[in-house]
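Chains A and B are the protein sequences, given in the same order.
When we follow the working numbering, the leftmost residue of the first sequence carries the number 3, and every step to the right adds one.
When we follow the working numbering, the leftmost residue of the second sequence carries the number 3, and every step to the right adds one.
Below is one structure; the comments refer to it alone.
There are 2 protein chains.
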Amino acid sequence: MMETNGYDTYSCPVGKTIELISGRWKPIILYLIQHGINRFGSLQKKMPKISRKVLTEQLRDLEKQGLINRDVRVSKHPQEVFYNLTDTGLSLRALIDQIFEWGAANLLDETSQKKAKSLMLDQAEE
Amino acid sequence: MMETNGYDTYSCPVGKTIELISGRWKPIILYLIQHGINRFGSLQKKMPKISRKVLTEQLRDLEKQGLINRDVRVSKHPQEVFYNLTDTGLSLRALIDQIFEWGAANLLDETSQKKAKSLMLDQAEE
DNA sequence: TCAATAAGTTACCAAACAGTAACTATCAAC
DNA sequence: GTTGATAGTTACTGTTTGGTAACTTATTGA
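So, in structure tokens, the structure goes:
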């Protein structure tokens, strides 16, 4: 019987993956970016309850984790910053969709399901 | 263009689902319980780094969330407590497996992959 | 009667995380 | 040269989470 030093969060792929999308806002941010809401300001507008500080932190985290790119265009009037998903980010998004499906099926009452659906984006909108 | 009050974590099925398996140890606990490690003491042995306090808290959470049942057998010598997955818990486990797959494929180097695989359980063991 | 085992509980402390509000930098238009 | 927009940063504060260590309850077996 193999001797191990046991399970712990930080050696577990599940723990690590969940870390990527913890920080509370990250799944939503990834979702919005994928759907063309990819500026700091427009992200803020879609998530009125997040503070600039936390939004910055989360975006920096996602960048460090290799899930998004930060693309600054200085050439323009006020500097513009665009975010977009990396390949890893995109593949994680697919996983998040599965999590969404499970949650929608198992956790939400009907009213909430409608509300959630009403927030789904088909393509970029401002 | 529909007016909404925006996205936030607590109305999002993804956020709610992630909450279920946050608390750091919960995915591991669910995994172990499913594989027959279903006593307080044997769970502790498999996770040497969790404290009794936190283990108790996590188990109570999982119970409240309807993912596990707590089953006390007083008839025996010292009281025995068994935990097992509910149907919801089982279906969540399937989701966690998908998270595991993604994490193993995208996050771990080879050595860690081997370590993770070495911890996988096929059936109950002590 | 005393120690051991199972499964906790309690009080206390430290670190991590999140929120508020004020401040910064850059450029363009007026 | 002041205002306004974009995209932040910083200092401070409060809440949540997790960790340690000592204590608890119930029962069995020596």
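We treat Cβ as the ideally placed atom computed from N, Cα and C, and that holds for glycine.
query	result
Does the beta carbon of A:G38 sit closer than 8 Å to a beta carbon anywhere in chain B?	no
Which partner residues of B:I35 appear in the DSSP bridge assignment?	None; B:I35 has no bridge partner.
Given that B:S53 touches chain A, what residues does it touch there, using C-beta distances under 9 Å?	Correct list: empty, because the minimum Cβ distance to chain A is about 12 Å.
Entirely within the stretch 79-120 of chain A and at least 3 residues each: give me those beta strand (DSSP E) ranges in chain order.	82-87
Output the distance between the C-alpha atoms of A:K18 and B:L121, rounded to the nearest integer angstrom.	16 Å
Any beta carbon of chain B sitting closer than 8 Å to that of A:T58?	no
Taking a Cβ distance cut-off of 8 Å, strictly less, list which residues of the stretch 10-21 of chain A are near chain B, in chain order.	D10, T11, S13, C14, P15, V16, G17, K18, T19, I20
Would you please state the rounded distance, in angstroms, between the beta carbons of A:T11 and B:W27? I believe it to be under 8 Å.	6 Å
For A:I23, which three-state DSSP category applies?	helix
With 16 as the cutoff for other CB atoms within 10 Å, does A:N40 come out buried or exposed?	buried
Could you please give the first and the last residue of the uninterrupted alpha helix (DSSP H) stretch that includes A:R62?	54-66
With C-beta atoms as the reference, is B:I25 less than 8 Å away from B:Q60?	Inspection of the sequence shows that residue 25 of chain B is occupied by Gly rather than by Ile. Yes, they are a contact pair.
Does the CB of A:E5 have a neighbour CB from chain B at under 8 Å?	Model confidence at A:E5 stands at a pLDDT of 39, short of 50, so the residue's coordinates are unreliable; what they give is reported in the following sentence. Chain B contact via Cβ: absent.
Listing by chain order, which chain A residues have their CB less than 7 Å from the CB of B:L109?	P15, K18, T19
Take every Cβ of the stretch 82-99 of chain A, pair it with every Cβ of the stretch 52-72 of chain A, and state whether three or more of those distances are shorter than 8 Å.	yes
Leaving out the 5 sequence neighbours to the left and right, which residues in its chain are closer than 7 Å to A:K1 when beta-carbon positions are compared?	Residue 1 of chain A lies beyond the stretch modelled for chain A, which goes from 3 to 128, so this question has no answer here.
Give a yes or no on whether the minimum CB-CB distance between B:I101 and chain A is below 8 Å.	yes
Apply the 10 Å Cβ neighbour rule to A:F102 and answer buried if 16 or more other Cβ atoms are within range, or exposed otherwise.	buried
If you follow the beta strand (DSSP E) that A:V74 is in, where does it begin and where does it stop?	70-75
Would you call A:P50 buried or exposed, if buried means 16 or more other Cβ atoms sit within 10 Å of its Cβ?	exposed
Going straight from the alpha carbon of B:I52 to that of A:S44, what length do you get?	41 Å
So A:Q100 packs on B:Q100, CB below 8 Å; how close in whole Å?	6 Å
Between which residues of its own chain and B:E128 is the CB-CB distance below 7 Å, once the five residues before and five after are set aside?	Here the model assigns B:E128 a pLDDT of 42, short of 50, so the residue's position is not dependable and the matter cannot be decided.
Using the beta-carbon of each residue, which ones in chain A are nearer than 8 Å to B:R26?	T11, G17
Quick one: Cα of B:I23 to Cα of A:F84, how far?	32 Å
Here's the rule I'm using: 16 or more other beta-carbon atoms within 10 Å means buried, otherwise exposed. How should A:M4 be labelled?	Caution applies to A:M4, whose pLDDT of 39 falls short of 50 and renders its modelled position unreliable; the value that the coordinates give is listed next. By the 10 Å Cβ count, A:M4 comes out exposed.
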